[in-house]
Amino acid sequence: MADFPIRNNIRKLRFYHDEMTQKELAERVGVTRQTIVAIENAKYSPSLEVAFRIALVFDAPLHEVFIYDADADPHWTNKKQNKRSKRSE
Amino acid sequence: MYYLSITYDFKSITVDIEVNMTYQDTGFQQENALSYREKSLIVATIISIVVYAIYGVVLFQRYQAGGYEAADAFQFWGKAVLVLMGVLIAFQIIGQILLAIAANVAAAATGQEFDEDEVSFDDERDKLIDLKATRNTFIVWGVGFMGAMVGLAFGMSPTTMFIIFIVFMMLADILGNVSKLVYYRRGF
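These protein sequences, in sequence, are chains A and Y. Per the working numbering, residue 1 is the first one in the first sequence, and the count goes up by one each step. Per the working numbering, residue 1001 is the first one in the second sequence, and the count goes up by one each step.
Here it is in structure tokens:
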């Protein structure tokens, strides 16, 4: 499975919003139910537009819907290591 | 899928325990089950393999029996490729229609609603997967085309060139469908 540094609370937020189904969320956001499934299971990172629409549906800020884990992002870790190695030279 | 969280507050006289449970959506449908699109891709892949295999054998036998000269070979292979395309498209259409009928019957039998959005609506994820799979398809087809051109440059016969075209066309077609299936299942 693809390893994404971005997790989300969509499943929990759906439950707290009158037990919204994936189908209902998909219709409100403008994607298919399978895409919502993929997003919840961290198999797909949505576009900014879709991410904002999801946050709007739950009336929550983006950082409460999606959580970015910098430690799990290989690009971010590499940049930090390169800066440290350059400083030590 | 269930998760349980218990919160308690010792500041109050009474202890409140809140239990939250989630449940699987859409009639407890397994999220790991194959979606309609994934089943469609599997059907398309199987049809491609079967049609290419059978047509390849028929074509080979017809070519050997025909005894075509070099000048006739282009006409023979031109017709062969066009017929192959027509046969493949026809069988793919039939296969997808049968799959749609089977999916509707299965949904009706289990009392579930068939999600027509999966069939009629391509969202951003579907379009992105399609683009990535098309890129893979073109890479394979491009390799085959260049291989055929290199072979021609080194004196290969037109028959061999067309065989390479058809083989790589088959590989590209199958790889495209398999790529989509992998992207849908594993993510990207």
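Cβ coordinates follow ideal geometry from the N, Cα and C atoms, glycine included.
Rounded separation between residue i and residue j - CA only
i, j, result
"Y1036 of chain Y", "Y1184 of chain Y", "11 Å"
"Y1139 of chain Y", "A70 of chain A", "This sequence places Ile at residue 1139 of chain Y; Tyr is not what is there. One C-alpha to the other measures close to 34 Å."
"K23 of chain A", "F1076 of chain Y", "52 Å"
"I1042 of chain Y", "L1181 of chain Y", "8 Å"
"L1098 of chain Y", "G1187 of chain Y", "27 Å"
"Q1029 of chain Y", "F1060 of chain Y", "With a pLDDT of 48 at Q1029 of chain Y, under the threshold of 50, the predicted position of this residue should be treated as unreliable, though the coordinate-derived value follows. Distance between the alpha carbons of Q1029 of chain Y and F1060 of chain Y is about 47 Å."
"N1136 of chain Y", "V1143 of chain Y", "11 Å"
"L1197 of chain Y", "S1040 of chain Y", "It is not possible to answer for residue 1197 of chain Y, since the shown part of chain Y is limited to 1001 through 1188."
"Q35 of chain A", "V1105 of chain Y", "The amino acid occupying residue 35 of chain A in the given sequence is Thr; Gln does not appear at that position. When rounded, the distance between both Cα atoms is 24 Å."
"T32 of chain A", "D59 of chain A", "21 Å"
"D1173 of chain Y", "E1038 of chain Y", "16 Å"
"M1156 of chain Y", "A1073 of chain Y", "13 Å"
"A51 of chain A", "A72 of chain A", "20 Å"
"G1111 of chain Y", "I1101 of chain Y", "15 Å"
"T1160 of chain Y", "A1044 of chain Y", "27 Å"
"D1126 of chain Y", "V1119 of chain Y", "11 Å"
"F1162 of chain Y", "G1086 of chain Y", "17 Å"
"P61 of chain A", "I67 of chain A", "11 Å"
"R11 of chain A", "A1103 of chain Y", "27 Å"
"R14 of chain A", "A1109 of chain Y", "29 Å"
"T1026 of chain Y", "T21 of chain A", "Below a pLDDT of 50, predicted positions are generally treated as unreliable, and T1026 of chain Y, at 42, falls in that range; the measurement from the model is reported next regardless. Spanning the two alpha carbons is a distance of roughly 7 Å."
"M1170 of chain Y", "F4 of chain A", "33 Å"
"P74 of chain A", "L56 of chain A", "29 Å"
"W1141 of chain Y", "G1151 of chain Y", "15 Å"
Continuous beta strand (DSSP E) stretch holding residue i: start and end
i, result
"F66 of chain A", "F66 to Y68"
Extent of the continuous alpha helix (DSSP H) to which residue i belongs
i, result
"N134 of chain A", "In the structure as shown, chain A begins at 1 and stops at 89. Residue 134 of chain A is therefore absent and cannot be evaluated."
"T1160 of chain Y", "P1158 to R1186"
"K56 of chain A", "Just to set this straight, residue 56 of chain A is Leu in the shown sequence, not Lys. Residues L48 to V57."
"G1151 of chain Y", "E1124 to A1153"
"S1048 of chain Y", "Y1036 to G1066"
"T35 of chain A", "R33 to E40"
"K23 of chain A", "Q22 to V29"
Assumed close pair residue i, residue j - CB separation to whole angstroms, cut-off 8 Å
i, j, result
"A1148 of chain Y", "F1121 of chain Y", "Rounded, the Cβ-Cβ distance is 39 Å, inconsistent with contact."
"R7 of chain A", "A38 of chain A", "That belief does not hold up - the Cβ atoms of R7 of chain A and A38 of chain A are roughly 14 Å apart, past 8 Å."
"L1088 of chain Y", "S1048 of chain Y", "7 Å"
"V1051 of chain Y", "F1091 of chain Y", "5 Å"
C-beta neighbour in chain B for residue i, strict 9 Å
i, result
"G1187 of chain Y", "The structure shown contains no chain B; its protein chains are A and Y."
message = Tell me which residues of the segment 1113-1127 of chain Y have at least one Cβ-Cβ distance to chain A shorter than 8 Å, keeping chain order.
response = Within the segment 1113-1127 of chain Y, the residues whose Cβ lies closer than 8 Å to any Cβ of chain A are, in chain order, D1115, D1117, E1118, F1121, D1123, E1124, R1125 and D1126.
key: Interface positions of the segment 42-70 of chain A facing chain Y (Cβ-Cβ less than 7 Å), listed along the chain   = Correct list: K43, Y44, S47 and V50.
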